[in-house]
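Residue numbers (UniProt numbering): 1 to 694.
Positions of the beta carbon are idealized from the N, C-alpha and C atoms, including for glycine.
A quick note: this is a predicted structure, and the numbers were derived from the prediction, not measured.
Beneath this line is the structure, given in structure tokens, with notes to follow.
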């Protein structure tokens, strides 16, 4: 796949995508989480890039949503789906599902959706999803206590590139290695010529280190698991709650994660914890040991009666002797006991082993002195020994843990991807259940388009368009139980008539919503839907007021282009007559319908001028009607499903009819049961008005 050929991907973005392990797989699958790990790419941009890649994969020209209102309908139904997601990822992932005229794309999403609608979204699964997020890149890893060493400049360059986490040093000989060992806990020599050389410190000879970086710097693989520890644990919980088939061994992954802290250090090892605590507490423990010795020595001095002969005192003064000599002569045993107490305190406080204890004991001298002070050089040496032991232990544990987790990395990635995709599936499943959706049936024609010869039909000879049974518009701001189901079928071009507030616009919204969802490959809110694959959707909402000359001209031009190239289009128009004077509107609409019908488009025009338009058209225009049954307490009682080939009565006609009926009833009551109407002209007046509607 040529990355730069994807819409919205330039040279810089292509380079960022190339940093992914499998960019083509991620793009084809619409894997927003993986795409967003590329440098400088956000989740929102990742969704747009994925959508462009999918269009390219299916040779989709785009532009299915051809008008502002069509795009609004898409955003509204997409919003309903996104409202049912838990994670930000799922909301962005749904952005890659868009209406397409391409059969391959629709079928791909349909396969996904059919599995999705069978998912069970119980509370435990939704709660587990709350903690789920896409994986993060571990970022730059730097290890300062370890270094690589080589005598070869070319090898030096290779090492810098292969293992950037470690410092790389050039040495001339074994003495150079020895000097490095004094500054690093571990030195790894890359030259085989150093094999057999014995040096003080942790010096390892590994000529093949560059071929197996994880063994030399286990922090690299561990950083991935450490940085994503909580996210991986959340993915495990999602799999367990949803009973998903995991892509890796969950028990082994959880065990590995339990041994790893968020900072990448190994957790749960008593010896490493002991060494870490000893290094951290060394200064405090040494200071406390000093206090122990001095407190004991002060107490001994207070309790000891020391008698010094005058000649002895003179001798001490003449020799320049101080308190040290006095301690040595008079309090030798007490001093020795105090120093021993300090040594024991230091060893016990740091929980030192035998070798470490030997160094620690040398921190307090046998030579009497007051106050007792630790030997800072010895304490520094002890710190070096403890630190080196800690790093060796940590390095070994890291290598062991990295080896245990090495085989889990790709499985762990897939584990998170599957958990995130589950959220997408559950959003679709919840939408489908809440709106009582079904998968639509696309009906393919023998003749691809009317321009290939005659009217496009199904294999059975039936005209193509759409047929909705029991549809309930998701765009209505009403609970589902309050929405009347609608049946409506159109195969070519139809006018939709009906009373005000009878549901004509809602019917257009239903058709648009169903068609958009169907071309997204998703379930639709109806009992059954059959439709053709449309090339595009042109939905023109009702205009506000009469258009000026310029806007009117622009609107007519738009319909002229559509009429010429409208084959395979679905056109929905709401009261186009509002663009100009009623008389002219009827003529213009009639002409548009004629052209659309000739070109094989499917269209529904809502109009209050259906009768006039039918008279103006040079062919028998289908007029469907949303019929008002009557007025009940001033409210319309409406049959929401359009009646085929029926011009619906208008609201004024219903009101006049109601007034006529009431007038007759009043006349009967006034004339003693004889409805002759004499003396009461109202029934005659209303009847005359009703005749005008015939």
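Assign residue i to one of two classes, buried (16 or more other C-beta atoms within 10 Å of its C-beta) or exposed (fewer than that).
i: residue 89; result: buried
i: residue 480; result: exposed
i: residue 197; result: exposed
i: residue 332; result: exposed
i: residue 170; result: exposed
i: residue 697; result: Because residue 697 is not part of the residues shown, which for the chain are 1 to 694, the question remains open.
i: residue 10; result: exposed
i: residue 354; result: exposed
i: residue 4; result: exposed
i: residue 557; result: exposed
i: residue 12; result: exposed
i: residue 460; result: Caution applies to residue 460, whose pLDDT of 46 falls short of 50 and renders its modelled position unreliable; the value that the coordinates give is listed next. Flag for residue 460 reads exposed.
i: residue 42; result: exposed
i: residue 368; result: buried
i: residue 234; result: buried
i: residue 619; result: exposed
i: residue 270; result: exposed
i: residue 684; result: exposed
i: residue 398; result: buried
i: residue 318; result: The predicted position of residue 318 is uncertain, since its pLDDT is 48 and thus under 50; a value taken from the coordinates is nonetheless stated next. Residue 318 should be labelled exposed.
i: residue 287; result: exposed
i: residue 391; result: buried
Does DSSP put residue i in a helix, a strand or coil?
i: residue 264; result: coil
i: residue 64; result: coil
i: residue 560; result: helix
i: residue 471; result: strand
i: residue 202; result: strand
i: residue 540; result: strand
i: residue 143; result: strand
i: residue 344; result: helix
i: residue 505; result: helix
i: residue 355; result: helix
i: residue 419; result: helix
i: residue 34; result: helix
i: residue 638; result: strand
i: residue 256; result: helix
i: residue 319; result: Unreliable placement is indicated for residue 319, whose pLDDT of 49 sits below 50; no coordinate value is reported for it.
i: residue 534; result: coil
i: residue 442; result: strand
i: residue 13; result: helix
i: residue 85; result: coil
In the DSSP output, which residue or residues are listed as bridge partners for residue i?
i: residue 580; result: The partner list for residue 580 (beta bridge, DSSP) is empty, contrary to what the question assumes.
i: residue 529; result: 468
i: residue 643; result: 625
i: residue 148; result: 168 and 188
Would you give the residue range spanned by the alpha helix (DSSP H) that residue i belongs to?
i: residue 5; result: Unbroken run through residue 5: none, as it is neither H nor E.
i: residue 225; result: 219-227
i: residue 170; result: From DSSP, residue 170 is part of no alpha helix (DSSP H) but of the beta strand (DSSP E) over 166-170.
i: residue 603; result: Residue 603 -> not in any alpha helix (DSSP H); beta strand (DSSP E) instead, spanning 602-606.
i: residue 521; result: Run containing residue 521: none; DSSP gives neither H nor E here.
i: residue 279; result: 270-303
i: residue 387; result: 376-406
i: residue 126; result: 123-130
i: residue 182; result: 174-183
i: residue 88; result: 88-94
i: residue 45; result: 43-57
i: residue 370; result: Element bounds for residue 370: n/a, residue is neither H nor E.
i: residue 108; result: 103-116
Provide the residue span of the beta strand (DSSP E) that contains residue i, from first to last.
i: residue 487; result: 486-490
i: residue 188; result: 186-189
i: residue 569; result: 569-574
i: residue 196; result: From DSSP, residue 196 is part of no beta strand (DSSP E); its letter is neither H nor E.
i: residue 494; result: 493-498
Does the Cβ of residue i lie closer than 8 Å to at least one heavy atom of the ligand ZN?
i: residue 264; result: Summarising the ligand content, the structure contains no ligands, and the ligand ZN is consequently not present.
For residue i and chain B, any beta-carbon pair shorter than 9 Å?
i: residue 364; result: Within the model displayed, chain B is absent; a lone protein chain is all it includes.
Practice prompt. Assess, as a yes-or-no matter, whether the region 141-148 is touched by the region 111-128 under the definition of 3 or more beta carbon pairs within less than 8 Å.
Written response: Cβ pair count under 8 Å is below three, so no.
Worksheet entry | Three-pair Cβ contact test at 8 Å for the region 152-165 versus the region 214-227 | The count of Cβ pairs closer than 8 Å, one atom from the region 152-165 and one from the region 214-227, reaches three, so the stretches are in contact.
Item to complete: For the region 128-137 and the region 103-116, state whether three or more C-beta atom pairs, one from each stretch, are separated by less than 8 Å.
Response: With a cut-off of 8 Å, the region 103-116 and the region 128-137 do not count as touching, because too few Cβ pairs lie within range.
Discussion item. Tell me whether the region 366-386 and the region 283-295 touch, counting them as touching only if at least three CB pairs, one residue from each stretch, are closer than 8 Å.
Written reply: Here the region 366-386 makes contact with the region 283-295; the two share three or more CB pairs at distances below 8 Å.
Worksheet item: For the 8 Å Cβ check, are there 3 or more pairs between the region 612-621 and the region 497-508?
Response: A contact is defined here as three or more CB-CB pairs under 8 Å, and the region 612-621 fails this definition with respect to the region 497-508.
Fill in: Three or more C-beta pairs below 8 Å linking the region 65-81 and the region 513-528
By the Cβ rule, the region 65-81 counts as touching the region 513-528, because three or more pairs are nearer than 8 Å.
Worksheet item: Three or more C-beta pairs closer than 8 Å, one from the region 525-539 and one from the region 470-486: is that the case here?
Response: Because the criterion of three Cβ pairs below 8 Å is met, the region 525-539 and the region 470-486 touch.
Worksheet item: So does the region 465-476 actually touch the region 573-588, counting three or more Cβ pairs closer than 8 Å?
Response: No contact exists between the region 465-476 and the region 573-588.
Discussion item. Assess contact between the region 564-577 and the region 596-606, defined as three or more Cβ pairs (one per stretch) separated by less than 8 Å. Is contact present?
Written reply: A contact exists between the region 564-577 and the region 596-606.
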